[in-house]
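These notes are about the structure you will find just below.
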Amino acid sequence: NAGVTQTPKFQVLKTGQSMTLQCAQDMNHNSMYWYRQDPGMGLRLIYYSASEGTTDKGEVPNGYNVSRLNKREFSLRLESAAPSQTSVYFCASRQGREATEAFFGQGTRLTVV
Amino acid sequence: DAKTTQPNSMESNEEEPVHLPCNHSTISGTDYIHWYRQLPSQGPEYVIHGLTSNVNNRMASLAIAEDRKSSTLILHRATLRDAAVYYCILTRFSGTYKYIFGTGTRLKVLA
Numbered sequence: 043n044a045g046v047t048q049t050p051k052f053q054v055l056k057t058g059q060s061m062t063l064q065c066a067q068d069m070n071h072n073s074m075y076w077y078r079q080d081p082g083m084g085l086r087l088i089y090y091s092a093s094e095g096t097t098d099k100g101e102v103p104n105g106y107n108v109s110r111l112n113k114r115e116f117s118l119r120l121e122s123a124a125p126s127q128t129s130v131y132f133c134a135s136r137q138g139r140e141a142t143e144a145f146f147g148q149g150t151r152l153t154v155v
Numbered sequence: 129d130a131k132t133t134q135p136n137s138m139e140s141n142e143e144e145p146v147h148l149p150c151n152h153s154t155i156s157g158t159d160y161i162h163w164y165r166q167l168p169s170q171g172p173e174y175v176i177h178g179l180t181s182n183v184n185n186r187m188a189s190l191a192i193a194e195d196r197k198s199s200t201l202i203l204h205r206a207t208l209r210d211a212a213v214y215y216c217i218l219t220r221f222s223g224t225y226k227y228i229f230g231t232g233t234r235l236k237v238l239a
C-alpha cells in the first residue's frame, strides 16, 4: 500500500528552468493538495483539487501551475524556477465529505540555484 | 479561515503525559479541530480530530473546551519518537477541507 507517492525526491534546478513535480495516490481519494515548506516554517498551501477536473488556488499560488490529470494524479509545474521557490514540496490527499484525515507524501526537496 | 495560536515549543520528560494547548477564539460552529504532527524530515501525519466532544484514539486524546475556543492534545506517555512539530488546524467543508498550517509547537522529549 503505497499511499501518496511523490517524484522526484530531490531536484536541483537552475534559475529559469522548468520542471513538473509528480504526485500519485492509490487510495481513491477525491481531494489532493500541494504544499511548500520553507526551513523552520509551517506548510503553506499552493493549490488544491477538491475533485477530479477542479483546481483552486491556495495561499501561495504565484509562480506555479497544477494539473489534475485524473483521480490518482496531481502535478505541480514550475514554468520558470526562481531561487525563492527553493523549498520542500509536499503532496497530500483525502477522501470525501467527512472530516477524515489527510495523507501526506514524503516530500520533494527542490533547490533552485 | 479561522486562526489558531500555539506555543512555539514545549518540553516533556519521557513516559510522562504531555498537554499541548491550542487557542482558536474565532472558531465557527462548522470548524473541525485537526491535529497533525511532523517528525523530522517527514511529511505531516494525522493525529486526531474532533468537532465538539472529546476524542480518543490509539495515538492521543483531544480535549475540547465547552465554548470550543481552545483545545488540548494529550499524549498520555511521551516517548522519544513523539518528538515532532505538532500543528493544530481548523478546517470546514467548502467543496473539500483545506488545511492551513500555522507554525505549530515543537515538542522536545527528554530521556
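If you read the protein sequences in the order shown, they are chains Y and G.
Positions 43 to 155 (this note's numbering) are the ones given, in order, by the first sequence.
Positions 129 to 239 (this note's numbering) are the ones given, in order, by the second sequence.
A virtual CB, placed ideally from N, CA and C, is assigned to each residue, including glycine.
Considering only DSSP beta bridges, list what residue i is partnered with.
i: Ile217 of chain G; result: G:His162
i: Ser73 of chain Y; result: Y:Arg136
i: Glu115 of chain Y; result: Y:Ala66
i: Val46 of chain Y; result: Y:Gln67
i: Pro149 of chain G; result: G:Thr200
i: Val102 of chain Y; result: Looking at the DSSP assignment, Val102 of chain Y forms no beta bridge with any residue, so it has no partner.
Could you tell me the boundaries of the beta strand (DSSP E) in which residue i lies?
i: Met138 of chain G; result: 137-141
i: Asn107 of chain Y; result: 107-110
i: Val54 of chain Y; result: 52-55
i: Ile88 of chain Y; result: 85-91
i: Val237 of chain G; result: 233-238
i: Thr8 of chain Y; result: With chain Y running from 43 to 155 in the structure shown, residue 8 of chain Y is simply not present.
Figure out for me which residue from the options has the closest Cα to the Cα of residue i.
i: Met187 of chain G; options: G:Thr231, G:Ala239, G:Pro145, G:Asn136; result: G:Pro145
i: Gly157 of chain G; options: G:Tyr164, G:Leu218, G:Arg234, G:Leu235; result: G:Leu218
i: Lys215 of chain G; options: G:Thr233, G:Ile192, G:Leu208; result: Per the sequence shown, the amino acid found at residue 215 of chain G is Tyr instead of Lys. Comparing Cα positions, the closest option is G:Thr233.
i: His147 of chain G; options: G:Arg205, G:Arg220, G:Gly223, G:Ile161; result: G:Arg205
With a threshold of 9 angstroms between beta-carbons, can residue i be considered close to chain B, or not?
i: Gln148 of chain Y; result: You won't find chain B in this structure, because its protein chains are Y and G.
Counting only runs that start and end within the region 151-215 of chain G, where is the beta strand (DSSP E) found for 3 or more residues in a row?
-> 160-166, 173-178, 189-192, 198-203
Cβ pair count under 8 angstroms reaching 3, the region 74-89 of chain Y against the region 117-130 of chain Y | yes
At least 3 beta-carbon pairs within less than 8 angstroms: the region 135-146 of chain Y vs the region 100-110 of chain Y = Touching, no.
Please confirm if the region 59-78 of chain Y is in contact with the region 130-140 of chain G, defined as three or more CB-CB distances below 8 angstroms between the two stretches.
-> Here the region 59-78 of chain Y does not lie against the region 130-140 of chain G, with fewer than 3 beta-carbon pairs under 8 angstroms apart.
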